[in-house]
Amino acid sequence: MNAPVIEIRDLHKSYGDLEVLKGVDVTAPAGHVVSLIGSSGSGKSTLLRCANLLEDSQQGDVLFCGEPVIWKGTGQSRHPGDHAQMIRIRTNLSMVFQQFNLWAHMTILQNVMEAPVTVLKRDKAEVEEKARAYLAKVGIGDKCDVYPAQLSGGQQQRAAIARALCMEPRALLFDEPTSALDPELEQEVVKVIKDLATEGRTMIIVTHDMRLAADVSDHVIFLHQGKIEEEGAPDVLFNHPKTDRLRGFLSATQ
Numbered sequence: 001m002n003a004p005v006i007e008i009r010d011l012h013k014s015y016g017d018l019e020v021l022k023g024v025d026v027t028a029p030a031g032h033v034v035s036l037i038g039s040s041g042s043g044k045s046t047l048l049r050c051a052n053l054l055e056d057s058q059q060g061d062v063l064f065c066g067e068p069v070i071w072k073g074t075g076q077s078r079h080p081g082d083h084a085q086m087i088r089i090r091t092n093l094s095m096v097f098q099q100f101n102l103w104a105h106m107t108i109l110q111n112v113m114e115a116p117v118t119v120l121k122r123d124k125a126e127v128e129e130k131a132r133a134y135l136a137k138v139g140i141g142d143k144c145d146v147y148p149a150q151l152s153g154g155q156q157q158r159a160a161i162a163r164a165l166c167m168e169p170r171a172l173l174f175d176e177p178t179s180a181l182d183p184e185l186e187q188e189v190v191k192v193i194k195d196l197a198t199e200g201r202t203m204i205i206v207t208h209d210m211r212l213a214a215d216v217s218d219h220v221i222f223l224h225q226g227k228i229e230e231e232g233a234p235d236v237l238f239n240h241p242k243t244d245r246l247r248g249f250l251s252a253t254q
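Okay, structure coming up:
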């Protein structure tokens, strides 16, 4: 049996005296979609950033395809101890942010090509062919030569997803991918994420959209104040919540 793409064990994360994650376990097997839900400040986005090594955690293990991250130091001074390993893991975990983070001075095609060419040193012509294919896949193949400012928010987020896909990562990490969008534009992005889920891509999604979490997830985790309050299959979690906190949260989001 293959090791999970991402495995997090007993993760603790603090900012000074503020403990944001208090011993969290997450497993994302290959081809599975894991959604993280919970109120603002529950630690969802921090957990995602720790998985991608964008944030240093103080305690616990992060494993990528069964390979543990090598740490140096302890507590607040703990950080990844093998730079080459960190870069390799990061390039295999593509992140899609709430704010699209596209380069304003580059065309959409150039945005999608930038990382595979400069970071992965891939052949430019080969990357361009793939970039055009991924932009077509997310429904904006006709926008290759325009600049981000000329696109709607939904189109910019779809371009950001194409950029993540062009790295051909082992997993995609989504941090509130629809929360900056108007409802009608949100549906464009939801459709792309649903299509990716049906392809069997490994994804961890932080979302406030309970319908999206219910539709695409194999496993849903409800975080409350830095701990996992409840987790399980979406049909069980959403239809038969066991805790008062999850019941309250779901009734507030309907």
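Just so you know, the UniProt record's numbering puts 220 at position 220 of the sequence shown, and the rest follows in order with no gaps. By construction, the Cβ of each residue, glycine as well, lies at the ideal position given by its N, Cα and C atoms.
{"Check": "Identity of the residue in G41, P116, L18 and I87 nearest A51 by Cα", "Outcome": "I87"}
{"Check": "For V112, the first and last residue of its enclosing alpha helix (DSSP H)", "Outcome": "I108 to T118"}
{"Check": "Own chain, CB closer than 8 Å to L223, minus 5 neighbours either side, in chain order", "Outcome": "V24, L36, I37, G38, S42, G43, K44, L47 and E229"}
{"Check": "Reduced DSSP secondary structure (H/G/I, E/B, other) of F249", "Outcome": "helix"}
{"Check": "Same chain, Cβ closer than 8 Å to A104, neighbours up to 5 away in sequence not counted", "Outcome": "Y147, P148 and A149"}
{"Check": "Contacting residues, own chain, Cβ-Cβ under 8 Å from S57 (five flanking each side not counted)", "Outcome": "L11, H12, K13, L21, C50 and R78"}
{"Check": "Under 8 Å between C-beta atoms of L151 and C144", "Outcome": "no"}
{"Check": "CA nearest to the CA of T178, picked from A171, Q99 and K130", "Outcome": "Q99"}
{"Check": "Nearest neighbour of V34, chosen from R245, A213, K227 and S251 [CA to CA]", "Outcome": "A213"}
{"Check": "7 Å CB neighbourhood of G141 in its chain, flanking five on each side removed", "Outcome": "R132 and L135"}
{"Check": "Cα-Cα separation between D195 and K124, rounded to whole angstroms", "Outcome": "27 Å"}
{"Check": "Buried versus exposed, by CB contacts within 10 Å (16 or more), A84", "Outcome": "exposed"}
{"Check": "Neighbour-count burial assignment, D183, 16 or more Cβ in a 10 Å radius", "Outcome": "Going by the sequence as given, residue 183 is Pro instead of Asp. Classification of P183: exposed, given that the 10 Å Cβ count is below 16."}
{"Check": "6 Å Cβ shell around F174 - same chain, five flanking residues per side excluded", "Outcome": "V96 and I205"}
{"Check": "Inter-stretch contact at 8 Å, needing at least 3 Cβ pairs: the stretch 64-80 / the stretch 111-122", "Outcome": "no"}
{"Check": "One or two residues paired with E36 in a DSSP bridge", "Outcome": "It is Leu, not Glu, that sits at residue 36 in the sequence shown. DSSP lists V206 and I221 as partners of L36."}
{"Check": "N-terminal and C-terminal residue of the beta strand (DSSP E) that F238 is part of", "Outcome": "Element bounds for F238: not the beta strand (DSSP E) but the alpha helix (DSSP H), P234 to N239."}
{"Check": "CB of A3 within 8 Å of CB of A171, strictly", "Outcome": "no"}
{"Check": "Closest Cα partner of R90 within the set D218, V190 and M167", "Outcome": "M167"}
{"Check": "Rounded separation between L250 and E129 - CA only", "Outcome": "43 Å"}
{"Check": "Close beta carbons around E188, own chain, < 6 Å, minus the five adjacent residues each side", "Outcome": "G154"}
{"Check": "Inter-residue spacing [alpha-carbon to alpha-carbon] between Q59 and T74", "Outcome": "8 Å"}
{"Check": "Beta-carbon contacts of V5 that lie in its chain and below 8 Å, excluding the five residues immediately before and after", "Outcome": "A28, P29, A30, F64, C65, R170, A171 and T202"}
{"Check": "Bridge partners - W71, DSSP secondary structure assignment", "Outcome": "P80"}
{"Check": "S45 - containing alpha helix (DSSP H), residue span", "Outcome": "K44 to A51"}
{"Check": "Residue nearest to M210 in terms of C-alpha spacing, selected from A180, V192 and A252", "Outcome": "A252"}
{"Check": "CA-to-CA distance, V220 to V236, given in whole angstroms", "Outcome": "10 Å"}
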